[in-house]
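Inspection log for the structure reproduced underneath, given as structure tokens.
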Amino acid sequence: MKGFFYDTLLDEENICNLEREKKMLQQGVLQKKKFVVCGARNTGKTSLVKNVVIPYFQKKHSKSFALFVDLMEVKSLESIHQRIQIGFESAFSSAFPAKNLVALTKQFLSQLRPEVSFDSLTGSPTLSLGISRDKKSISFLEIFTIINKKISKNMSVLLVLDEFQDIALIPEAQGLFRQAFQELRKIPLILMGSKKHILSQLFAKPNAPLASFGEDLEFEKIAYEVYHQYISERFHFRKLKIDFPTARELQDALFRIPESINIVCADLCENHERKKIEPQDIFQSIDHVLEKRRSRFEEWLSHFSEKEEEILVALAKFGPIKHPTSQVFLKEIHSTARTISLTISSFLDKSVIERNEEGFCIADPLLFYFLKKFR
Ligand SMILES: Nc1ncnc2c1ncn2[C@@H]1O[C@H](COP(=O)(O)OP(=O)(O)OP(=O)(O)O)[C@@H](O)[C@H]1O
Ligand SMILES: [Mg+2]
9 MKGFFYDTLL
19 DEENICNLER
29 EKKMLQQGVL
39 QKKKFVVCGA
49 RNTGKTSLVK
59 NVVIPYFQKK
69 HSKSFALFVD
79 LMEVKSLESI
89 HQRIQIGFES
99 AFSSAFPAKN
109 LVALTKQFLS
119 QLRPEVSFDS
129 LTGSPTLSLG
139 ISRDKKSISF
149 LEIFTIINKK
159 ISKNMSVLLV
169 LDEFQDIALI
179 PEAQGLFRQA
189 FQELRKIPLI
199 LMGSKKHILS
209 QLFAKPNAPL
219 ASFGEDLEFE
229 KIAYEVYHQY
239 ISERFHFRKL
249 KIDFPTAREL
259 QDALFRIPES
269 INIVCADLCE
279 NHERKKIEPQ
289 DIFQSIDHVL
299 EKRRSRFEEW
309 LSHFSEKEEE
319 ILVALAKFGP
329 IKHPTSQVFL
339 KEIHSTARTI
349 SLTISSFLDK
359 SVIERNEEGF
369 CIADPLLFYF
379 LKKFR
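Just so you know, we're using the working numbering here: the sequence shown kicks off at 9 and counts up by one.
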């Protein structure tokens, strides 16, 4: 069903555009390419790869094995092992017919102490590796070796590691991934992330273990006309209309970020019918959304110190700021240059703010309006 969805992965019919990215990834995985995919937050990376590229790969091969792992916020090597192990268990269980799982587990995974248990209600089998004995996860190097040496000999394999940049803070991880990837010469691989500055530390720094690995693919902003059409199609169900200049203003007001645009459009649909949407309706809707999300923002802000909040508010009210350690900005928030640069770099790492040609600014448009209105 067509609609404005948010806080969720999208199915193909609700992904606006991304045609270029889709074509490159679909062709690339068939050619066994390695990609480093990057794009701002909430621009459809995970939806496209998980709900379009992986199913396409599976359709193109009679026997396929697709491993998808989300590495968001991994804090240690052990948690990387664990995430990859969990992803592997689920990929393995869904790659093979239930009736063959026990036999295939023995064939492929005998050295990993596998256990297959059966759900008492549905009877469907679940695989778990080595956990029962010592509670330690299997090293992901071992898992990658099995994929490479055994599974890929029998079926077409695709590997996807989402939020890959989060491994950057874990010593050893980069070197181990380099070692693992070197083995996977004939297996397509997609590494994804939203934090461009950290991804470039991993892949663009000449002396980094993963330097010059793979082919870059950056998700571009969706053209104004294309998103206008996407909005009009969905407004049609409520007999709403929006002309191009107003649709463009809406997209700009929300920094052209698809998720925020969808949130506001869903609110417009909820509150209007049979009319032409005007710019004032958009800003009324943004206010309306802020009211609904106010306690969420307040709770989120409560995790920051007073000084950190002050810096965020200043960025919202006076940003974009080209030089946050300039005297003018320092005076505004009564702080030292050192405190500000540490805070700014931690905000960048957490994607709370971003840096573009105009300077540092709040990344989430709704947080931006919230800070301007309620602080
Ligand atoms: N191309 C698109 N068309 C319509 N909506 C989109 C598009 N891309 C992203 N969205 C919106 O963004 C939300 C998040 O999508 P998704 O998780 O796929 O993005 P992401 O780029 O992986 O985000 P993150 O960087 O947070 O991982 C969706 O629920 C939807 O509201
Ligand atoms: Mg994602």
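Every residue gets a Cβ at the ideal spot worked out from N, C-alpha and C, and that includes glycine.
| Item | Value |
| --- | --- |
| Can you tell me which of G11, V44, L56 and L18 puts its alpha carbon nearest to the alpha carbon of K30? | L56 |
| Taking only the alpha-carbon atoms, compute the straight-line gap between K380 and I370 and give it to the nearest angstrom. | 11 Å |
| Name the DSSP bridge partner or partners of V155? | Looking at the sequence provided, one finds Ile at residue 155 rather than Val. None; I155 has no bridge partner. |
| With respect to the beta strand (DSSP E) encompassing C369, which residues constitute its N-terminal and C-terminal limits? | G367 to I370 |
| Which term fits L75, buried or exposed, when burial requires 16 or more other beta carbons within 10 angstroms of its beta carbon? | buried |
| I think E191 touches T130, with their Cβ atoms under 8 Å apart; what is that distance to the nearest whole Å? | No, E191 and T130 are not in contact; Cβ-Cβ is about 36 Å, not under 8 Å. |
| Helix, strand or coil for N215? Go by DSSP, reduced to three states. | coil |
| Please determine if the region 36-55 and the region 86-100 are in contact, where contact requires at least 3 C-beta pairs separated by less than 8 Å. | no |
| Going by the C-beta, is Y14 closer than 7 Å to any heavy atom of ligand 1? | yes |
| Answer with buried or exposed for L350, where buried requires no fewer than 16 other C-beta atoms within 10 angstroms of its C-beta. | exposed |
| Does DSSP put T254 in a helix, in a strand, or in coil? | helix |
| If you draw a straight line from the C-alpha of I361 to the C-alpha of M163, how long is it? | 43 Å |
| Hey, would you say the C-beta of D19 is under 7 Å away from at least one heavy atom of ligand 2? | no |
| Using the C-alpha atoms, what's the distance from I195 back to L210? | 21 Å |
| In chain order, which continuous runs of the alpha helix (DSSP H) of length 4 or greater are located wholly inside the region 80-161? | 85-103, 109-117, 139-142 and 148-154 |
| Mind reading off the beta-carbon distance from V165 to I62? Whole number of angstroms is fine, and I expect it under 8 Å. | Contact doesn't hold; Cβ gap of about 12 Å is too wide. |
| Going by the C-beta, is D174 closer than 7 Å to any heavy atom of ligand 2? | no |
| Roughly how many angstroms separate the alpha carbons of T344 and L338, rounded to a whole number? | 7 Å |
| So, S101 versus L135, is the Cβ gap smaller than 8 Å? | yes |
| With a 10 Å radius around its C-beta and 16 neighbouring C-beta atoms as the bar for buried, classify N336 as buried or exposed. | Reading the sequence as shown, one finds Val at residue 336 and not Asn. Under this definition V336 is an exposed residue. |
| Note down the Cα distance separating Y232 from N22, rounded to an integer number of angstroms. | 17 Å |
| Between which two residues does the alpha helix (DSSP H) holding E20 run? | First-last for E20: undefined, no H or E at that position. |
| Can you tell me which of the three DSSP states R363 falls into? | strand |
| To the nearest whole angstrom, what separates the beta carbons of L79 and I175, a pair I think is in contact under 8 Å? | 6 Å |
| Quick one, which of D224, I206 and R186 has its alpha-carbon nearest I198's? | D224 |
| If contacts are defined as beta-carbon pairs under 8 Å, then R242 and F12 qualify, I think. What distance do you get, rounded to the angstrom? | 6 Å |
| Just to confirm, does L26 get its C-beta within under 7 Å of one of the non-hydrogen atoms of ligand 4? | Among the ligands in the structure shown, ligand 4 does not appear; only ligand 1 and ligand 2 can be found there. |
| Who are C46's beta bridge partners in DSSP? | G201 and E226 |
| Note down, in chain order, each residue of its chain lying with its Cβ closer than 8 Å to the Cβ of S84, except the 5 sequence neighbours on either side. | I178 |
| Strictly by DSSP, which residues pair up with V37? | BP columns for V37 are empty, so no partner. |
| Applying the criterion that 16 or more other CB atoms from any shown protein chain within 10 Å of the CB defines a buried residue, is P105 buried or exposed? | exposed |
| Given E366, which residues of its chain have a CB within under 8 Å of its CB, disregarding the five upstream and five downstream residues? | P328 and K330 |
| Cβ atoms of L356 and R363: under 8 Å apart, would you say? | yes |
| How long is the line joining the alpha carbons of N270 and I348, rounded to whole angstroms? | 33 Å |
| From what residue to what residue does the beta strand (DSSP E) around D275 run? | Element bounds for D275: not the beta strand (DSSP E) but the alpha helix (DSSP H), P266 to N279. |
| If you count every other CB in all the chains shown that lies within 10 Å of the CB of P122, and 16 or more means buried, which is it? | buried |
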